[in-house]
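Counting in the working numbering, the sequence shown runs from 158 upward without gaps.
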Amino acid sequence: MIVILAGGTGSVKLVRGLAKITDDLSVISNVGDNIWFYGLYICPDIDTVTYGLAGILDEKRGWGVKDDTFFFLDQLAKMGQSSWFSLGDRDLATHVVRTSMMQSGKSLVEITDWMREKLAVRPRIIPATNNQVETRIQTDKGEMHLQEFWVKEKGLPSVTAVRYKGAKEAEPSTEAIDAIRKADKIIIAPANPVSSIGPIVALDGIRKELSKVRSRVVAVSPLIGQSAVSGPAVKYMKAAGLRSSPVGVAEFYRDFVGSMVISETDHEMAGQIRELGMQVYETNITMSDRQDEVRLGQYLLNIGSL
Ligand code: GDP
Numbered sequence: 158m159i160v161i162l163a164g165g166t167g168s169v170k171l172v173r174g175l176a177k178i179t180d181d182l183s184v185i186s187n188v189g190d191n192i193w194f195y196g197l198y199i200c201p202d203i204d205t206v207t208y209g210l211a212g213i214l215d216e217k218r219g220w221g222v223k224d225d226t227f228f229f230l231d232q233l234a235k236m237g238q239s240s241w242f243s244l245g246d247r248d249l250a251t252h253v254v255r256t257s258m259m260q261s262g263k264s265l266v267e268i269t270d271w272m273r274e275k276l277a278v279r280p281r282i283i284p285a286t287n288n289q290v291e292t293r294i295q296t297d298k299g300e301m302h303l304q305e306f307w308v309k310e311k312g313l314p315s316v317t318a319v320r321y322k323g324a325k326e327a328e329p330s331t332e333a334i335d336a337i338r339k340a341d342k343i344i345i346a347p348a349n350p351v352s353s354i355g356p357i358v359a360l361d362g363i364r365k366e367l368s369k370v371r372s373r374v375v376a377v378s379p380l381i382g383q384s385a386v387s388g389p390a391v392k393y394m395k396a397a398g399l400r401s402s403p404v405g406v407a408e409f410y411r412d413f414v415g416s417m418v419i420s421e422t423d424h425e426m427a428g429q430i431r432e433l434g435m436q437v438y439e440t441n442i443t444m445s446d447r448q449d450e451v452r453l454g455q456y457l458l459n460i461g462s463l
């Protein structure tokens, strides 16, 4: 069984690639960027992975349902309501159903599993916790929700720190812990280390469980050279006191990751990562199309004992 820890837009590519080549895949999904909006509970990373595997993801945007319309949002704006958080009309159905199921007492794990079955998705998608954990970004304009920083403020304020509100009190989902225990290999997707993987491993139980099987945990760098392939990873890493390079990613993961996969163009960093007690693998880690996704997935399956 293969387990992958995942965020959203970067992760979904590898998740899709792996889903094509393995029958037994479980995705442990970040919940730190979940947000309540207009009375609805929105889970951007869970939805991106679910839509990606269902073949209905808007791949240009990296979130939401493809070919969606935005009449709901337009109407909200006409009524003078805040409309900075885009919600497509089809996408809205997911949030309405999820929120109503939550109100009738279902857990996020149950709802997510029900949802993926409805969309004919085969891999399991497991929220890291049923509790609410929120990634908060401290900036020169004050502390705010990750979505507020990235969407409303367009990622412009300078970031001084990142924290995971509720992570200390949160319990990891038993399904996530079970999946880690049963996994032959655990992959850390090329995801934002601080805002996608950080909130998952901020759950004590998950971090401990991963540390126990560290030699089976393989991470793909989301950074090539000093830069992220996309998004604000570097900004958050700097705020967290990390170097903006695959070495910085490795430092952040060193307690629970045994192997790092980096770009072959970063060969000169391999030595520094080995010094952290990790194995290093070098390959092309850019996924520009479906072939790349499968190629990298296959490369990861071939690493080590499998
Ligand atoms: P988010 O939840 O939308 O932030 O998405 P993720 O956390 O899943 O992924 C964002 C990260 O994926 C960014 O730091 C990117 O640098 C990285 N990323 C995006 N595409 C690729 C790719 O093709 N290859 C690699 N190695 N990293 C990627």
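Glycine included, each C-beta is placed from N, C-alpha and C at the ideal position.
Proximity test, residue i beta-carbon vs ligand 1 heavy atom, cut-off 7 Å
i    : result
I430 : no
Check whether residue i and residue j have beta carbons under 8 Å apart
i    : j    : result
E464 : L433 : Because the chain is modelled from 158 through 463, residue 464 falls outside the range shown and cannot be assessed.
S384 : V391 : yes
V319 : Y208 : no
M426 : P403 : yes
P347 : V377 : yes
S183 : V206 : no
S240 : L233 : yes
R247 : D225 : yes
A163 : A211 : no
I381 : S353 : no
L457 : I344 : yes
V222 : G245 : yes
I283 : I185 : yes
S368 : D412 : yes
A396 : T317 : yes
E305 : R338 : no
D190 : D204 : no
V418 : T440 : yes
D341 : M158 : yes
L214 : V169 : yes
G329 : P350 : The sequence shown places Pro at residue 329, not Gly. Taking 8 Å as the Cβ cut-off, P329 and P350 do not qualify as a contacting pair.
Residues that residue i bridges to, as DSSP identifies them
i    : result
G439 : The sequence as given places Glu at residue 439; Gly does not occur at that position. Partner(s): I419.
T292 : Y321
R281 : S183
V374 : I343
F194 : L197
I159 : L182 and K342
M301 : I294
P329 : T286
L214 : V222
V266 : The partner list for V266 (beta bridge, DSSP) is empty, contrary to what the question assumes.
V465 : In the structure as shown, the chain begins at 158 and stops at 463. Residue 465 is therefore absent and cannot be evaluated.
Chain B within 8 Å of residue i, Cβ atoms only
i    : result
D297 : Among the chains in the structure shown there is no chain B, since it carries only a single protein chain.
**Item:** Residues passing the C-beta test against ligand 1 heavy atoms, cut-off 5 Å
**Value:** G164, G165, T166, G167, S168, P347, A348, N349, S353, P379, A385, V386, S387, G388, A390, I442, T443 and M444
**Prompt:** Counting only runs that start and end within the region 229-253, where is the beta strand (DSSP E) found for 3 or more residues in a row?
**Reply:** none
**Residue ranges of each beta strand (DSSP E) within the region 381-426, 3 or longer** = 416-420
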